[in-house]
């Protein structure tokens, strides 16, 4: 049978955040989904398919919401989709361990669609908490079929698909009227749930109390963050080198294949495009492949909301909320990710403030520059301290700028801060690897490549004419006013496509070759041979922290805000901070 | 005994009697199912006391402590 003959059934997945909706989605579609799930929010609407027999099920993962009556973008998307009748069946995903809360949304949905299947998920967790759900009774009360699942263990999935099939075919139940959803949810939950004595909650509660406690909460959080950054920076060294050597092999193979073609073609394509792209991949990919899985583990076990909880007080002083602190942590991995992550912030002004300041947090791509510059004049522990100091300076800059924005251009009332604290869950390592490696690392890597490849061609063209040298000497006055030189400033401009390009370009400019590939050896030796002074190193480090965001981040800012003006502000704000700081440093040092 | 939700120590249980908070907050609390009559227990506070984690209807929700000022409760 041809694929087009197959019967297509569209199934919407609706439910509260943190009820394992994405896990269920993955269990149903086998990870064949198109977009990833960021903390707390599904970006847009993700879809995935399941082929079974002669049928094709298309699953639509709606954003997690607490109600359909609210004003937020997510609630509107979910509400409109359910009311539109586009789905042949709507699966309402509930949390078995807190069914009463889930039922509030469930009742609202049942008043809008007559082809619903109720999926009470997280039954394994409910059982652990001694909660027993009477599915038959619940089904009678709701007037719709109820299936119990544990999506993480793939239990109940087969029954769920069978029920979806049946409901989509037979047009299910009739529209319901429940009256006040909260009161009805309380009544129904009271009749369908039996709670035995709590079984193993004590240990989790004690861990939780420790993680948010006055004395240990913040030190533990700092230690966790430091560990993640340390693992990322130092752990990426070896794979980076390996990948670099592997791609270097590719360079020579390409060179020999293209030996017959004119010099300028092979130069442009291999020395320009390939060498630049290879450099970006080998420097950028390994740290991302380490950072994102680690961060996803923190997300998966539910530590991120606790961090936001601990950091809310400090962020409030800067006119932000705890959630902004989370987007700043994401910025350590990649500012584009941090900017996208700002969707978790509810208030529009607070969100914009978080977006505009995110680039001041040094991302993975700037770590190598900071590390090498820090180790120019120090060694061992002192240089590690220097890098940590840089990160701290970046965080202070972002917080200071946030505070300033919230009191000037983005003056706003302190917004309402409400955040669910989901129970701690065991991380699902396999899923984490797939989700963070494929969805985040490769996605961002591909986006960076798209800018690095044309940039490589441009670099090569400029390097092989006298354009680069002329630009560098043109920028010399600006450079020296900021404690650097023209070549360094030019390198900042040329690394707009990706911050990873900065150091190689600096060295390339100094050695006068238009070829990134010929830049080998450790950066330190080369820089030292170029008469770098302490002042230059310090000013360059400061400017590395505070200058325009990379092209990928700028594009992301534009996509998120839809405003050229706000994208320009994201460019100007950190640059202005950097110029002021470097100008002052130049006078002082 | 009647008091306000922001004054309760962690571990204390109560029933909501009246929510006089301004609209956006009252609406958000309602979405989570917090209305007069709901049983609430205070789970823990952030180190600076600024945020309070409340448990009700089987869920833990973090709210800023000062936003709980206008929520009157009856101690259990």
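Protein chains in written order, with the working numbering: chain H, 1 to 589; chain G, 1 to 76. Where is the CB? At the ideal position from N, CA and C, for every residue including glycine. Given the structure is predicted, the values throughout are model-derived calculations rather than measurements.
For this session: For the stretch 343-371 of chain H, enumerate the residues whose C-beta is nearer than 7 Å to any C-beta of chain G, in chain order.
Result: none
Exercise. Between the stretch 269-286 of chain H and the stretch 495-504 of chain H, are three or more C-beta pairs nearer than 8 Å?
Worked result: yes
Problem set entry | Interface residues of chain H facing residue 46 of chain G [CB-CB closer than 8 Å] | Walking along the second chain from the start, residue 46 of chain G turns up at place 46. Those within 8 Å of residue 46 of chain G in chain H are 212, 217, 309, 310, 312, 313.
Exercise. Counting Cβ pairs closer than 8 Å, one from the stretch 93-101 of chain H and one from the stretch 157-172 of chain H, do we hit at least three?
Worked result: no
Exercise. Residue 35 of chain G CB to nearest chain H CB: under 9 Å?
Worked result: For the purposes of this step, residue 35 of chain G is taken as residue 35 along the second chain, with counting starting at 1. Yes, contact with chain H.
For this session: Could you say which of G/49, G/13, G/4 lies nearest to residue 214 of chain H if we only look at CA atoms?
Result: Start at 1 with the first residue of the first chain, and residue 214 of chain H comes out as number 214. Closest by alpha carbon: G/49.
Problem set entry | Close beta carbons around residue 124 of chain H, own chain, < 8 Å, minus the five adjacent residues each side | Position 124 of the first chain, counting from 1, holds the residue named residue 124 of chain H. Hits under 8 Å: 150, 152, 153, 155.
For this session: Can you grab the Cα-Cα spacing for the pair residue 404 of chain H / residue 534 of chain H, in whole Å?
Result: If you number the first chain from 1, residue 404 of chain H lands on position 404. If you number the first chain from 1, residue 534 of chain H lands on position 534. Going from the Cα of residue 404 of chain H to the Cα of residue 534 of chain H covers about 31 Å.
Exercise. Of the residues that make up the stretch 99-115 of chain H, which ones have a beta carbon closer than 8 Å to any beta carbon in chain G?
Worked result: 99, 100, 101, 104
For this session: With a 10 Å radius around its C-beta and 16 neighbouring C-beta atoms as the bar for buried, classify residue 237 of chain H as buried or exposed.
Result: Within the first chain, numbered from 1, the residue matching residue 237 of chain H stands at position 237. Flag for residue 237 of chain H reads exposed.
Exercise. Can you name the residues of chain G whose CB is closer than 9 Å to the CB of residue 418 of chain H?
Worked result: For the purposes of this step, residue 418 of chain H is taken as residue 418 along the first chain, with counting starting at 1. Those are 25, 28, 29, 31, 32, 61, 62, 63, 64, 67, listed as they occur along chain G.
Exercise. Between residue 57 of chain G and chain H, is there a C-beta pair that is closer than 9 Å?
Worked result: Numbered from its first residue, the second chain carries residue 57 of chain G at position 57. Interface residue, yes.
Exercise. Smallest Cα separation from residue 578 of chain H: which of H/569, H/554, H/543, H/552?
Worked result: As a first step, residue 578 of chain H must be located in the first chain, where it is residue number 578. Comparing Cα-Cα distances from residue 578 of chain H to each of H/569, H/554, H/543, H/552, the minimum goes to H/543.
Exercise. Given that residue 51 of chain G touches chain H, what residues does it touch there, using C-beta distances under 8 Å?
Worked result: Stepping through the second chain from its first residue, residue 51 of chain G is reached at position 51. Within 8 Å Cβ-Cβ: 309, 312, 313, 322, 417.
For this session: Closer than 6 Å by C-beta to residue 377 of chain H: which residues in its own chain qualify, once you throw out the five before and the five after it? Chain order, please.
Result: In the first chain, counting from the first residue as 1, residue 377 of chain H sits at position 377. The answer, listed in chain order, is 534.
For this session: If I'm right that residue 432 of chain H touches residue 297 of chain H with Cβ under 8 Å, what's the distance once you round it to whole angstroms?
Result: By 1-based counting over the first chain, the position of residue 432 of chain H is 432. By 1-based counting over the first chain, the position of residue 297 of chain H is 297. About 6 Å; that satisfies the 8 Å criterion.
Exercise. Would you say residue 10 of chain G and residue 43 of chain G are within 9 Å of each other, going by their C-beta atoms?
Worked result: Here residue 10 of chain G is taken as the residue at index 10 of the second chain, counted from 1. Here residue 43 of chain G is taken as the residue at index 43 of the second chain, counted from 1. Going by C-beta atoms, residue 10 of chain G is nearer than 9 Å to residue 43 of chain G.
Problem set entry | Where the stretch 421-434 of chain H meets chain G: residues whose CB sits under 7 Å from a CB there | 421
Problem set entry | Of the listed residues H/558, H/60, H/220, nearest to residue 90 of chain H (C-alpha basis) | Numbered from its first residue, the first chain carries residue 90 of chain H at position 90. If we check each option's Cα against that of residue 90 of chain H, H/60 comes out closest.
Exercise. If you scan the stretch 90-145 of chain H from start to end, which runs of the beta strand (DSSP E) of 3 or more residues do you find wholly inside it?
Worked result: 116-121, 131-133
Exercise. Which residues in the same chain as residue 547 of chain H place their Cβ atom closer than 8 Å to its Cβ, once the five residues preceding and following it in sequence are excluded?
Worked result: Here residue 547 of chain H refers to the residue found at position 547 of the first chain. 492, 574, 575, 578, listed in sequence order.
Exercise. With distances taken from CA atoms, which of G/2, G/12, G/3 is nearest residue 54 of chain G?
Worked result: Residue 54 of chain G sits at position 54 when you count from the first residue of the second chain. The candidate whose alpha carbon is nearest that of residue 54 of chain G is G/12.
For this session: Whole angstroms is fine: what's the gap from residue 235 of chain H's alpha carbon to residue 272 of chain H's?
Result: Position 235 of the first chain, counted from the first residue, corresponds to residue 235 of chain H. Position 272 of the first chain, counted from the first residue, corresponds to residue 272 of chain H. Rounded to whole angstroms, residue 235 of chain H to residue 272 of chain H spans 29 Å at the Cα level.
Exercise. DSSP three-state call for residue 547 of chain H: helix, strand or coil?
Worked result: Numbered from 1 along the first chain, position 547 holds the residue referred to as residue 547 of chain H. Residue state, collapsed to three classes: coil.
For this session: Determine the DSSP secondary structure at residue 52 of chain H, reduced to helix, strand or coil.
Result: Translated into the one-based positions of the first chain, residue 52 of chain H becomes position 52. Note: residue 52 of chain H maps to strand in three-state DSSP.
Exercise. Looking at C-beta atoms only, is the number of pairs between the stretch 284-301 of chain H and the stretch 381-392 of chain H that lie closer than 8 Å three or more?
Worked result: no
For this session: Give the residues of chain G in contact with residue 128 of chain H, contact being defined as C-beta atoms less than 8 Å apart.
Result: Translated into the one-based positions of the first chain, residue 128 of chain H becomes position 128. Those within 8 Å of residue 128 of chain H in chain G number zero; the least Cβ separation is about 13 Å.
Exercise. Helix, strand or coil: how does DSSP classify residue 326 of chain H here?
Worked result: The sequence position of residue 326 of chain H within the first chain is 326, counting from 1. Helix, per DSSP.
Exercise. Quick one: does residue 476 of chain H have its CB under 9 Å from some CB of chain G?
Worked result: Counting from one through the first chain, the residue named residue 476 of chain H turns up at place 476. So no, residue 476 of chain H is outside the interface.
For this session: Could you check the C-alpha separation between residue 263 of chain H and residue 375 of chain H for me, to the nearest Å?
Result: By 1-based counting over the first chain, the position of residue 263 of chain H is 263. By 1-based counting over the first chain, the position of residue 375 of chain H is 375. Distance between the alpha carbons of residue 263 of chain H and residue 375 of chain H: 38 Å.
Exercise. Going along chain G, which residues have a C-beta under 9 Å from residue 204 of chain H?
Worked result: Within the first chain, residue 204 of chain H is the residue found at index 204, counting from 1. Near residue 204 of chain H there are no residues of chain G at all, since even the closest Cβ is about 11 Å away, more than 9 Å.
Exercise. Residue 86 of chain H and residue 167 of chain H look like a contact to me (Cβ under 8 Å); what is the Cβ gap, rounded to whole Å?
Worked result: Along the first chain, one-based indexing puts residue 86 of chain H at 86. Along the first chain, one-based indexing puts residue 167 of chain H at 167. About 15 Å separates the two Cβ atoms, so there is no contact after all.
Exercise. If residue 111 of chain H sits next to residue 177 of chain H, beta carbons under 8 Å apart, how far is it from one beta carbon to the other, in whole angstroms?
Worked result: In the first chain, counting from the first residue as 1, residue 111 of chain H sits at position 111. In the first chain, counting from the first residue as 1, residue 177 of chain H sits at position 177. With a Cβ gap of about 6 Å, residue 111 of chain H and residue 177 of chain H count as contacting.
Problem set entry | Buried or exposed by the 16-neighbour rule on C-beta atoms within 10 Å, applied to residue 92 of chain H | Residue 92 of chain H sits at position 92 when you count from the first residue of the first chain. Classification for residue 92 of chain H: buried.
Exercise. Under a Cβ-count criterion, where at least 16 other Cβ atoms within 10 Å of its own Cβ denotes burial, should residue 36 of chain G be classed as buried or exposed?
Worked result: Looking up residue 36 of chain G in the second chain gives position 36. The residue is exposed, with fewer than 16 neighbouring Cβ atoms inside 10 Å.
Problem set entry | Endpoints, alpha helix (DSSP H) assigned at residue 278 of chain H | Locating residue 278 of chain H in the first chain gives position 278, where the first residue counts as 1. Looking at the DSSP string, the run of the alpha helix (DSSP H) that includes residue 278 of chain H is 275-301.
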